[in-house]
Amino acid sequence: MKGVFDQQKWNIVANELEAENLKLASYDNTLIPSLGNLKNRKILDYGCGPGVLALALSKLGANVKTFDISKDMLELCSQKIGQENVFSNIEAIPKEEFDNIICNLVLCIVPEYEIKNISSNIRKLLNKNGTAYIGFCNPRIFNLPESRLDLRYSAGYSYEDNHSYRKIKKEGGYEITELHRPIEWYKQVFNDAGLVIVEEIFTPEYELSGNKIRDFIIFKLRRK
Ligand SMILES: C[S@@+](CC[C@H](N)C(=O)[O-])C[C@H]1O[C@@H](n2cnc3c(N)ncnc32)[C@H](O)[C@@H]1O
363 MKGVFDQQKW NIVANELEAE NLKLASYDNT LIPSLGNLKN RKILDYGCGP GVLALALSKL
423 GANVKTFDIS KDMLELCSQK IGQENVFSNI EAIPKEEFDN IICNLVLCIV PEYEIKNISS
483 NIRKLLNKNG TAYIGFCNPR IFNLPESRLD LRYSAGYSYE DNHSYRKIKK EGGYEITELH
543 RPIEWYKQVF NDAGLVIVEE IFTPEYELSG NKIRDFIIFK LRRK
């Protein structure tokens, strides 16, 4: 079975990410309507992966730029939205530029120092009235053995403890290391980075094996 145990190695599953349908139906279909009218909106997709969302937003009329630490992901993304829209160097991205910054499923796979870094970068890149949408796997369901999207191995920690655990993505059939932090921990980091929470959005609830599940949480944030 393929496995991703390092934030630098997501290129191994680029094809699997490109083919995701369950995640798209849950996450992207919650996020996109909450963005509203996208015509001429300046959007940065931070940690864009292979660019599936970036392409969808471009087709809806947004002016989309992307950034990722993986060269392979950026290559796939530039094939979809053009090389001129893809940044490989965070320092080259114009500051205070974007109406929206989207950061999907990145914070739950990076170490704590990187979450602080990414939050601070997002703060610097948002324009005065801009909003960020930062989303990840819902920490509240960290201890469920199964969701529609994945199977999890319990690491035996409680909700309050920052820790890592392994999960198998049903779609794509690969294993990853996920990093759990309580929602309150993320809120503190966002606050310290100069971001204010405007809204907490969850993907739609469903029931599996008697558990009520909302797979993802998306924070809508603005500058303090
Ligand atoms: C789980 S994938 C999510 C991709 C995409 N956002 C999506 O929703 O399908 C995580 C992505 O984050 C990228 N990544 C990991 N660490 C990063 C960092 N520190 N800064 C920017 N991107 C990062 C990986 O290369 C990978 O493309």
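Just add 362 to the spot in the sequence shown (first one is 1) and you have my numbering.
For each residue, glycine too, the CB sits at the ideal point set by N, CA and C.
Note that this is a predicted model, so its numbers are computed, not measured.
DSSP bridge partner residues for residue i (one or two, in chain order)
i, result
"alanine 454", "Looking at the DSSP assignment, alanine 454 forms no beta bridge with any residue, so it has no partner."
"asparagine 466", "Gly497"
"valine 426", "Ile405"
"arginine 514", "Lys529"
"arginine 585", "Leu557"
"glycine 365", "Glu537"
"glutamate 562", "Phe581"
"leucine 488", "Phe460"
"valine 448", "Thr428"
"serine 570", "In the sequence as displayed, the identity of residue 570 is leucine instead of serine. DSSP output for leucine 570 lists Asn573 as bridge partner(s)."
"glutamate 508", "Leu513"
Burial state of residue i (16 or more Cβ within 10 Å)
i, result
"aspartate 554", "exposed"
"glycine 411", "buried"
"lysine 582", "buried"
"glutamate 382", "buried"
"leucine 415", "buried"
"lysine 401", "exposed"
"isoleucine 501", "Correcting the residue identity first, residue 501 is proline in this sequence and not isoleucine. When all chains shown are included, proline 501 counts as buried."
"valine 448", "buried"
"isoleucine 484", "buried"
"tyrosine 568", "exposed"
"glycine 518", "exposed"
"lysine 364", "exposed"
"tyrosine 548", "buried"
"aspartate 523", "exposed"
"lysine 427", "buried"
Whole-number beta carbon distance between residue j and residue i, since they are thought to touch under 8 Å
i, j, result
"lysine 532", "glutamate 540", "With a Cβ gap of about 14 Å, lysine 532 and glutamate 540 do not count as contacting."
"asparagine 462", "alanine 494", "7 Å"
"isoleucine 477", "leucine 487", "Their Cβ separation, rounded to whole angstroms, is 16 Å, which puts isoleucine 477 and leucine 487 out of contact at 8 Å."
"serine 450", "leucine 436", "6 Å"
"serine 432", "asparagine 479", "16 Å between Cβ atoms; not a contact."
"glutamate 458", "asparagine 489", "5 Å"
"proline 544", "threonine 392", "22 Å between Cβ atoms; not a contact."
Residue i vs residue j beta-carbon contact at 8 Å
i, j, result
"isoleucine 443", "glycine 413", "yes"
"tyrosine 389", "phenylalanine 578", "yes"
"leucine 406", "phenylalanine 367", "no"
"arginine 514", "leucine 570", "no"
"isoleucine 580", "isoleucine 563", "yes"
"histidine 542", "phenylalanine 498", "no"
"glutamate 378", "tyrosine 536", "yes"
"tyrosine 527", "serine 520", "no"
"valine 375", "glycine 492", "no"
"arginine 585", "leucine 557", "yes"
"asparagine 399", "leucine 506", "no"
"isoleucine 471", "glutamine 369", "yes"
"phenylalanine 429", "isoleucine 452", "yes"
Min CB distance residue i to chain D below 8 Å
i, result
"tyrosine 408", "Absent here is chain D; the protein component of the structure consists of one chain."
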